[in-house]
Amino acid sequence: MISVDPLVWISSILIVIAISFGFRSSRPWRVVEQLFIGGAAGNAIKQQWGNIERLGIKPILNGDYAMLLAFILGIVLYLQFTKEYKWVARYPIAILVGSGIGISMATLMKSMFVDQITATITNLNVPGSPMNSVNNIIILLFVVSTLLFFIFTKETGTGPLGYFSRIGRIGLLAAFGAGYAGTSMTYIAVLIDSLRYLLFTWLGL
Amino acid sequence: MNTTEKPSIWKQVQQIPIWGPNLLAVILIIVLQLFPVGLPAGISQQTREIYNAIEELPAGTMVIFHHQYHAGNWGELAGAGSAILQQLFRRGSELDIVVITQSSSGPAFFDLYWSEPETYGLPGNREETLEHYGKTYGEDYVEFGYLTGMESGARLIADDFYAGYPNDIFGTPVEDIPLMSELKTAADVDTMIILHSWEAYNKFWLRQWQGRFGTQFLVIASGLVYPSLSPYYPNQQLYTAGLRASGEYEALMGYTSIGAAFGDSFSLVALMMVLLVVVGNIGQYMERREGKKR
């Protein structure tokens, strides 16, 4: 049975107008686009205010005065919108960047380099599974070739390096194709989800 | 130049108006949602690996079910999340399960499992589902809400879980939850099952948990990031794609729900896209060949 919930009707009409962009742009679609952007921005502001309240204001009111420093640094960030005191905002930015690098550097080399290099060059001969062995050799070949593609200190278009460079380029294109396919998969899923909402929640089919 | 000359067939196939495939996709989806045909589907190796990894979890394992649900990925990941939750639940009190999220809308979407259980193949609301599987909230299952801070938040609870989560979603102080006496840092967690749609997010948690504590990572990723996670497989994590995994996981669990409902539509729309790409590329190749002949 068709829904009588006004919120379901509003969201369904907005979904229909949003999907109409696939056919042509229109004034109602532009209104829906701006509504979405405004709503997302408003939601983000509300969430961040909730974080400030929960993680800043409440601890200060409970006696954790160290949070005052975080408040001051956060307010100082806005000085970058002034001409005279813009330089002061560099201090909280430096603290943010420095702490971010410090947190991530701890295991960056291990997680992002060593573990992956290890995975690439091991198991080239998988006993009892020739297909996996072939797959692993292909992976090693394409990893090395793709890395060689990005060598800029020597001309890679000719000679032996040229062959590897061309293989690397093919690997890159295949990876981009896989990335595009994955992105399409997500968008198809969002479209199916939206149409299911229209069919089953709104129209009650 | 003759401006009234009709473009060749190869030129025309490259210039199909955009509304054509869009309309066809919408019609296909609507028809298949109303009249599903039940196309056969296999189960991929990656989904089976994750399923087997969960089946082989020893009794007493502390599992974190970590979701990043939001409006953009709920359709893709909801089915797989529900199936995995039930696979964890059916072990009864053998496994301790803690639910966390770093998505601000995550708790609201996760709550849809309990407010619309029939849509996601669950036996009932939270209390009914836990009772059905012989679990007790607070003793072997706890839900926490939104954790801010991205990588900082990941590191915070890795070093001190209580600091990041002083209360559960019901406001109960974490010290008063019996299960949480066994979970103080990431060293107490054996396995993290993470459902997400952001590659950088995966990297944060890999660095702070898997890299530092060796936590087993089982990842269900949306199609958007699925190809970019291949470097981490299999040494650092097992992973599978969300929408396909939803249908496959439900098949492994022996029921059909939202994951299977997406299956037919998704398969045929994807096939349509492949055909259009092939036709367009053939058109471009033939046009170039005819241009060379002239």
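Listed in order, the protein sequences are those of chains E and A.
Under the numbering used here, the first residue of the first sequence is numbered 78, with each subsequent residue one higher.
Under the numbering used here, the first residue of the second sequence is numbered -10, with each subsequent residue one higher.
Every residue, glycine too, gets a C-beta built ideally from N, C-alpha and C.
Fair warning: this is a prediction, and the values are worked out from it, not measured in the lab.
When Cβ-Cβ separations below 8 Å define contact, Trp187 (chain A) makes no contact with chain E. Of all residues in the region 13 to 34 of chain A, only Ala14, Val15, Ile18, Ile19, Gln22 and Leu23 place a beta-carbon less than 8 Å from a beta-carbon of chain E. Using a CB distance cut-off of 8 Å, Met262 (chain E) counts as an interface residue toward chain A. Look at Glu132 (chain A) here: in three-state DSSP terms it is strand.
Residue contact check for Ala266 (chain E) against chain A: a CB pair falls below 8 Å.
The three-state secondary structure of Gln76 (chain A), taken from DSSP, is helix. In the assembly as shown, Gly254 (chain E) is an exposed residue. Its beta-carbon has fewer than 16 other beta-carbons within 10 Å. Taking a beta-carbon distance threshold of 8 Å, Val131 (chain A) does not count as an interface residue toward chain E. For chain E, the residues of the region 252 to 274 of chain A that bring a beta carbon within less than 8 Å of one of its beta carbons are Ser254, Phe255, Val258, Ala259 and Met262, in chain order. With contact defined as three or more Cβ pairs closer than 8 Å, the region 126 to 145 of chain A and the region 77 to 96 of chain A are in contact. Around Tyr244 (chain A), the same chain offers Gly110 as residues with beta carbons nearer than 7 Å, after the five sequence neighbours per side are excluded. Ser71 (chain A) has a beta carbon lying at 8 Å or more from every beta carbon in chain E. In this chain, the beta strand (DSSP E) harbouring Gln205 (chain A) covers Gln205 to Ala210.
For Ile180 (chain E), no beta strand (DSSP E) encloses it; the enclosing alpha helix (DSSP H) starts and ends at Arg167 to Met182. Ranking A:Ser186, A:Gly70, A:Leu28 and A:Ser104 by CA distance to the CA of Ile53 (chain A) puts A:Gly70 first.
Nearest Cα to Tyr168 (chain E) within the set E:Gly245, E:Val153, E:Gln125 and E:Ser261: E:Val153.
The region 154 to 226 of chain A is shown to contain whole alpha helix (DSSP H) runs of 4 or more residues at 188 to 194, in chain order.
Taking C-beta separations shorter than 8 Å and ignoring five residues to either side along the sequence, the partners of Pro162 (chain A) in its chain run Pro155 and Asn156, following chain order. Here the alpha carbons of Gln199 (chain A) and Gln225 (chain A) stand approximately 7 Å from one another. According to DSSP, residue pairing for Met144 (chain E) in a beta bridge does not occur.
Neighbours of Gly110 (chain A) in chain E, taken as residues at a C-beta separation under 7 Å, are lacking, since the least C-beta distance is about 15 Å. Residue pairing by DSSP places Thr229 (chain A) opposite A:Ile209 in a beta bridge.
If you look at Thr90 (chain A), you'll find it in the beta strand (DSSP E) that goes Asp85 to Thr90. When Cβ-Cβ separations below 8 Å define contact, Leu227 (chain A) makes no contact with chain E. Secondary structure note for His121 (chain A): its alpha helix (DSSP H) is the uninterrupted segment Arg115 to His121. Here the alpha carbon of Glu110 (chain E) sits roughly 7 Å from the alpha carbon of Ala95 (chain E).
In the DSSP assignment, Met51 (chain A) forms a beta bridge with A:Asp85. Nearest Cα to Arg196 (chain A) within the set A:Leu145, A:Phe251 and A:Lys124: A:Leu145. Between Gly64 (chain A) and Ala266 (chain E) the beta-carbon gap is near 5 Å, inside 8 Å, which marks them as a contact. For Asp192 (chain E), the enclosing alpha helix (DSSP H) starts and ends at Asp192 to Ile198.
Residue environment for Arg273 (chain E): buried (at least 16 other C-beta atoms within 10 angstroms of its C-beta). In the three-state DSSP reduction, Tyr257 (chain E) falls in the helix class (H, G or I). A contact is defined here as three or more CB-CB pairs under 8 Å, and the region 163 to 178 of chain A fails this definition with respect to the region 187 to 194 of chain A.
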